[in-house]
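S.K.: In this note's numbering, the protein residues as written are -4 to 358. We put the beta carbon where it would ideally sit given N, CA and C, even for glycine.
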DNA sequence: AATCCGTGGTT
DNA sequence: TAACCAAGGAT
């Protein structure tokens, strides 16, 4: 018999205070649940507070400009979440949220977990709420020989959770299971001595807690990139990542991703030229890559980028460029003053370059 | 169905 | 430093 009451009692004494637990309005729960996807609660707090202050309601969000709203998501990562939020906001503008998990699941960016969480927390629907935390707790309690991802998406897990849902306070129970995974039944160094489930936990009873859940390793690819800082009349050239699969609609300095280290400057210049504007002479771009500013590495989800940042000792001017009738800037390119760099949403790698430029008196 | 999508903190 | 991790979803 699963000790549901012990878990609920534990939760009532030990639950952490979060801003999204103050009120249970569907809008706030939705925003918090999306922000919490694959993101630790402590990191979400400041983002959530600023977001709710600026966009306190569904309608205020639906009326917002995408680029301004994206600034409030900058730094959280997995930006598809942001685009899903905006799509859903406009879809629901002037309407009310659906209350059934099945319908919530159809909203952009609202998957099985988030739909169940909203339905349970806000609308008190009796549904299984399964996230990574729950999967880990289950893997240990029942000694399931699978990875968290496999457990979470296995339909049998849903039936398992439904079978242990208590008759009363099932919404609190679901939240407690998540909280237990986050605070006690952690991946590393779980606090089994403080766990209300320990006495009947299969992994704990067999002293094999660290074995669960199973993990599958994956190799990380490497990518080498070169950024060209192009400055003209004290403005920096930026490119907006339109129609890209990652970092969609965010801004960056002209960057060329290549898969070999030590690509020739000529080849890099050519690659950058194609992004910036087709008609810039290669000779000119070569002049733009005369001085290496610094280099750094940045880890993305499935690859690690080794980035070199280059700049020029040659100062361009509008006058000089406009004399070339062949000069044409790409549609997604803008020259931006230093002070305005912070008004554009940047990914972490571009933001790192931005910090470098802002910290320096000049390039 | 396997793969991709970010980031900052921890080990 | 490299590897791993944290309240998933979409294709």
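For the beta strand (DSSP E) holding residue 231, just list the boundary residues, first then last.
M.R.: It spans 230 to 235 - the beta strand (DSSP E) in which residue 231 sits, taken as one unbroken run.
S.K.: Contact check, residue 177 vs residue 135 under 8 angstroms by CB: the rounded distance?
M.R.: That belief does not hold up - the Cβ atoms of residue 177 and residue 135 are roughly 14 angstroms apart, past 8 angstroms.
S.K.: Report the rounded CA-to-CA distance for residue 347 versus residue 270, giving the unit in angstroms.
M.R.: Rounded to the nearest angstrom, the two C-alpha atoms are 21 angstroms apart.
S.K.: I believe residue 96 touches residue 110 by the beta-carbon criterion, under 8 angstroms. Please report the beta-carbon distance rounded to the nearest angstrom.
M.R.: About 5 angstroms separates the two Cβ atoms, so the contact holds.
S.K.: For the segment 152 to 170 against the segment 89 to 105, do three or more pairs of beta-carbon atoms, one drawn from each stretch, fall closer than 8 angstroms, so that the two count as touching?
M.R.: With the cut-off at 8 angstroms, the segment 152 to 170 and the segment 89 to 105 do not touch.
S.K.: Hey, how far is the Cα of residue 192 from the Cα of residue 3?
M.R.: Distance between the alpha carbons of residue 192 and residue 3 is about 11 angstroms.
S.K.: Would you kindly work out how many angstroms separate the C-alpha atoms of residue 252 and residue 289, rounded to a whole number?
M.R.: Using only the alpha carbons, I get a separation of about 17 angstroms.
S.K.: May I ask you to verify whether the segment 60 to 74 touches the segment 128 to 147, counting CB pairs closer than 8 angstroms and requiring at least 3?
M.R.: No, the segment 60 to 74 does not touch the segment 128 to 147.
S.K.: Looking only at its chain, what residues have a beta carbon closer than 6 angstroms to the beta carbon of residue 130, apart from the 5 residues adjacent to it on each side?
M.R.: Excluding sequence neighbours, residue 130 sits near 143, 146 and 147.
S.K.: Looking at C-alpha atoms only, which residue of 286, 128 and 85 is the closest neighbour of residue 260?
M.R.: The option with the nearest alpha carbon to residue 260 is 286.
S.K.: Leaving out five residues on either side along the sequence, give the residues of the same chain with a beta carbon under 6 angstroms from the beta carbon of residue 220.
M.R.: The residues are 250, 252, 300 and 302.
S.K.: To the nearest whole angstrom, what separates the beta carbons of residue 67 and residue 45, a pair I think is in contact under 8 angstroms?
M.R.: Confirmed, Cβ separation roughly 6 angstroms.
S.K.: With a threshold of 7 angstroms on Cβ separation, who are the neighbours of residue 359 within its own chain once the five nearest residues in sequence on each side are excluded?
M.R.: No information on residue 359 is available, as it lies outside the stretch -4 to 358 that the chain covers here.
S.K.: Would you report the Cα separation of residue 263 and residue 227, rounded to the nearest angstrom?
M.R.: Each residue's Cα considered, the two are about 20 angstroms apart.
S.K.: Do you know offhand how far residue 179's Cα is from residue 171's?
M.R.: Computed Cα separation, rounded: 11 angstroms.
S.K.: With distance defined between alpha-carbon atoms, name the residue in 165, 169, 196 and 210 nearest to residue 182.
M.R.: Closest by alpha carbon: 210.
S.K.: Do the CB positions of residue 71 and residue 22 come within less than 8 angstroms of each other?
M.R.: No.
S.K.: Counting beta carbon pairs with one atom in the segment 111 to 121 and one in the segment 23 to 34, are three or more of them shorter than 8 angstroms?
M.R.: These segments touch.
S.K.: Considering just the uninterrupted stretch of the alpha helix (DSSP H) at residue 6, what are its terminal residues?
M.R.: -1 to 9 is the span of the alpha helix (DSSP H), which, as asked, contains residue 6.
S.K.: Pick from 343, 108 and -1: whose alpha carbon is nearest that of residue 33?
M.R.: Minimum Cα distance to residue 33 is reached at 108.
S.K.: Where does residue 15 sit, in a helix, a strand or coil, going by DSSP?
M.R.: Residue state, collapsed to three classes: helix.
S.K.: Between 118, 28 and 164, which lies nearest to residue 126 when the distance is taken from Cα to Cα?
M.R.: Cα-wise, what sits closest to residue 126 is 28.
S.K.: To the nearest angstrom, how far is it from the Cα of residue 358 to the Cα of residue 85?
M.R.: Because residue 358 carries a pLDDT of 45, less than 50, the predicted location of this residue cannot be relied on, and the following value inherits that uncertainty. For residue 358 and residue 85, the distance between alpha carbons rounds to 42 angstroms.
S.K.: Where does the unbroken alpha helix (DSSP H) through residue 219 begin, and where does it stop?
M.R.: Taken as a continuous stretch (DSSP letters only), residue 219 belongs to no alpha helix (DSSP H), being part of the beta strand (DSSP E) at 216 to 223.
S.K.: Among 184, 88, 332 and 78, whose alpha-carbon lies nearest the alpha-carbon of residue 230?
M.R.: Nearest C-alpha to residue 230: 332.
S.K.: If distances are taken between C-alpha atoms only, which option among 326, 225, 69 and 291 comes closest to residue 341?
M.R.: Cα-wise, what sits closest to residue 341 is 69.
S.K.: Tell me whether residue 301 sits in a helix, a strand or coil according to DSSP, three-state version.
M.R.: Residue 301 falls in the strand class under three-state DSSP.
S.K.: Which stretch, first to last residue, makes up the beta strand (DSSP E) that contains residue 253?
M.R.: Element bounds for residue 253: 250 to 253.
S.K.: Hey, would you say residue 298 sits closer than 8 angstroms to residue 239, going by beta carbons?
M.R.: Their beta carbons are not under 8 angstroms apart, which means residue 298 does not touch residue 239 by this criterion.
S.K.: From the DSSP output, in three-state form, read off residue 358 for me.
M.R.: Because residue 358 sits at a pLDDT of 45, beneath the cut-off of 50, its placement in the model cannot be relied upon, and the following sentence gives the value as read from the coordinates. Reduced to three states, the DSSP call for residue 358 is coil.
S.K.: Where are the alpha helix (DSSP H) runs, 4 residues long or more, that stay fully inside the segment 73 to 100, in chain order?
M.R.: List check, alpha helix (DSSP H) in window: 75 to 87 and 96 to 99.
S.K.: Taking all protein chains shown into account, do 16 or more other C-beta atoms lie within 10 angstroms of the C-beta of residue 372, making it buried, or fewer, making it exposed?
M.R.: An answer regarding residue 372 cannot be provided, because it is not within the stretch -4 to 358 covered by the chain.
S.K.: Within the present structure, is the beta-carbon of residue 34 separated from the nearest heavy atom of the ligand NAP by less than 7 angstroms?
M.R.: Ligands are entirely absent from the displayed structure, and the ligand NAP is therefore not among its contents.
S.K.: Mark residue 350 as exposed unless 16 or more other C-beta atoms lie within 10 angstroms of its C-beta, in which case mark it buried.
M.R.: Its Cβ having fewer than 16 others within 10 Å, residue 350 is exposed.
S.K.: Looking at the structure shown, is residue 209 part of a helix, part of a strand, or coil, going by DSSP?
M.R.: In the structure shown, residue 209 sits in a strand (DSSP, three-state: E or B).
S.K.: For residue 128, count neighbouring Cβ atoms within 10 angstroms of its own Cβ and tell me buried if that reaches 16, exposed if not.
M.R.: By the neighbour-count rule (16 or more Cβ atoms within 10 Å), residue 128 is buried.
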